[in-house]
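Visitor: Using the numbering used here, you'd call the opening residue of the sequence shown number 5 and step up by one each time.
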Amino acid sequence: MPRDDNQKAQKARTGARRLIEQAPIAFAGLAVTTGLAYLAGSFYTRAYFAEFGASWILEEVPAAIYFSQSWIPLLLILFFVYLATTNLGLIDSPNQLTANTKFKISVVVVQYGSGLFSLLLVVILLLSYAGATFAAIVLSVISVVVLLWLLASALELWVVRLITEDLQMDLTMASIACVLVAVGLYVVPAQLGMNRARADKQAPASLLTVYLHGNTEKEYKLLFAADERLYVFPAQYEGNYPSVEGTTAANVSFLPIEK
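#1: First and last residue of the beta strand (DSSP E) that includes residue 214?
#2: Taking only beta-carbon positions, decide if residue 253 is within less than 8 Å of chain C.
#3: By the three-class DSSP mapping on this structure, what secondary structure does residue 250 have?
#4: On the DSSP bridge list, what partners appear for residue 235?
#5: Does residue 254 pass the burial test, meaning 16 or more other C-beta atoms within 10 Å, or should it be called exposed?
#6: Alpha helix (DSSP H) containing residue 203: first to last residue?
#7: Within 10 Å of its beta-carbon, does residue 176 have 16 or more other beta-carbons around it, so buried, or fewer, so exposed?
#8: Looking only at its own chain, which residues have a Cβ that is under 6 Å from the Cβ of residue 194, when we skip the five neighbours before and after it?
#9: Can you name the residues that DSSP bridges to residue 256?
#10: Of all the options 110, 192, 160 and 120, which has the alpha carbon lying nearest to the alpha carbon of residue 144?
#11: Would you call residue 107 buried or exposed, if buried means 16 or more other Cβ atoms sit within 10 Å of its Cβ?
#12: Figure out for me which residue from 223, 240 and 229 has the closest Cα to the Cα of residue 64.
#13: Just tell me which of 252, 224, 231 and 234 has its CA closest to the CA of residue 241.
#14: Run the CB neighbour count on residue 235, radius 10 Å, all protein chains shown included, and call it buried at 16 or more, exposed below.
#15: Touching or not, the segment 137 to 155 and the segment 209 to 216, by the rule of three or more beta carbon pairs under 8 Å?
#16: CA-CA distance, residue 257 and residue 247?
#17: Where residue 94 and residue 129 are concerned, what is the direct C-alpha to C-alpha distance, given to the nearest angstrom?
#18: Would you identify the three-state DSSP class for residue 64, choosing helix, strand or coil?
#19: What residue from 58, 131, 126 and 112 has the CA that sits closest to residue 153's CA?
#20: Can you name, in chain order, every residue of its own chain whose Cβ lies under 7 Å from the Cβ of residue 196, other than the five neighbours on each side?
Following this line, the structure appears as structure tokens:
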């Protein structure tokens, strides 16, 4: 028993040391994924406002809104990164690694997930072109999960290759997966933002109704709010793009203003 306890303690210390040695890689990965989340949020926000013909709003609001649009993907990314690095410090040999169930799943995801994700991208673009807004939104949300899973699996293969010198592993499919992830990080949030904007225009009831002082009979829809600055457009409008205008919170009411 004492010998077994000593072996377990030694193994735990070895695993902890390996995890500490890989900490710089983990922090670098977190920094990269945070930057990717920021980019995804910016693509989504730009596409959303562009569909309303109001890209100029981005010149008046802080860049922090990009993170406000991407915090859920960011949390998912951090979660998958955690999954990708779990138990790496407990690897004793390449054979033990390749026998690990999670590692086998990552290999399968990289091999077949790239094809599935490519198909999703094509179908999303076709649905958007055909005007099938709701279906495009649903598939875009699904593709976010597939993208993050693909990213986490490819990341795990790269990390394992870096920390395991004796393991000979072909990273061609992992490289292809990374390229697809880079493409998807633009296409998916851009399509999701555009189709979400289309849905809001087709069903304006999803946006808050507001009234402006000095124009008590006309309904407006609240497009976006940043601190005391609000951006609204008429509930009824002609053409493809509503007339979006900026105003202050003091000039807005959520109930009809009595004359």
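Cβ coordinates follow ideal geometry from the N, Cα and C atoms, glycine included.
Guide: Quick answer:
#1: 213 to 216
#2: Of the chains in the structure shown, none is chain C; there is only one protein chain.
#3: strand
#4: 228 and 250
#5: exposed
#6: 176 to 206
#7: exposed
#8: 47 and 51
#9: 216
#10: 192
#11: buried
#12: 229
#13: 224
#14: buried
#15: no
#16: 19 Å
#17: In this prediction, residue 94 scores a pLDDT of 49, lower than 50, which makes its location untrustworthy; the coordinate-derived value is nonetheless stated afterwards. Looking at the two C-alpha atoms, the distance is approximately 43 Å.
#18: coil
#19: 112
#20: 48, 141 and 144
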